[in-house]
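**Q**
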Amino acid sequence: MCVSLRIFFPGNVRELENILERALALYDGNCIEIDDLNLPVSLPNDSDSPEYNPAMGPLEDYLEEIERKAITLALEENKWNKTAAAQQLGLAFRSFRYRLKKLDLNN
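FYI, the numbering for the sequence shown is 291 to 397, going by the numbering used here.
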């Protein structure tokens with residue numbers, strides 16, 4: 291349990307519960323290791339999503355770009371498994387599909 295207190299986890303409690311349940315169902319030993327949890331690899335970085343400034347353009351475009359980056363990252367981390375990516379982001383699959391279409395990320 292000590293390790294879990296030192297890990298950056300950007301998700302909510304339900305996401306953490308899903309990660310732990312998945313690890314429990316798939317583990318093959320006496321102890322679930324940190325690698326079994328499939329946690330996000332990167333730490334937050336301020337340069338990834340700079341503070342909004344009106345000179346950057348419309349707020350809607352800025353928010354869409356942040357959403358596009360988050361969805362793409364979740365898809366990459368889940369080997370392009372849409373169900374797992376939606377779950378990681380805490381979205382219903384139907385909502386996730388809608389966002390993929392809206393952001394033209396279906397391919």
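For every residue, glycine included, the Cβ atom is placed at its ideal position computed from N, Cα and C.
Just so we're clear, the structure is a prediction, and the values are computed from it rather than from any experiment.
Quick one: what's got a C-beta closer than 6 Å to E366's C-beta in the same chain, skipping five residues either side?
**A** Same-chain partners within the cutoff: there are none.
**Q** So, under 8 Å CB-CB, I356 and L393 are touching, yes? Tell me the CB distance rounded to an integer number of Å.
**A** Not quite, the Cβ-Cβ distance comes to about 11 Å (not below 8 Å), so this is no contact.
**Q** Given N396, which residues of its chain have a CB within under 6 Å of its CB, disregarding the five upstream and five downstream residues?
**A** Excluding positions up to five away in sequence, the list reads L390.
**Q** Are the CB atoms of A315 and I322 nearer to each other than 8 Å?
**A** Contact: no.
**Q** Where do the ends of the alpha helix (DSSP H) carrying A375 lie?
**A** Element bounds for A375: 372-379.
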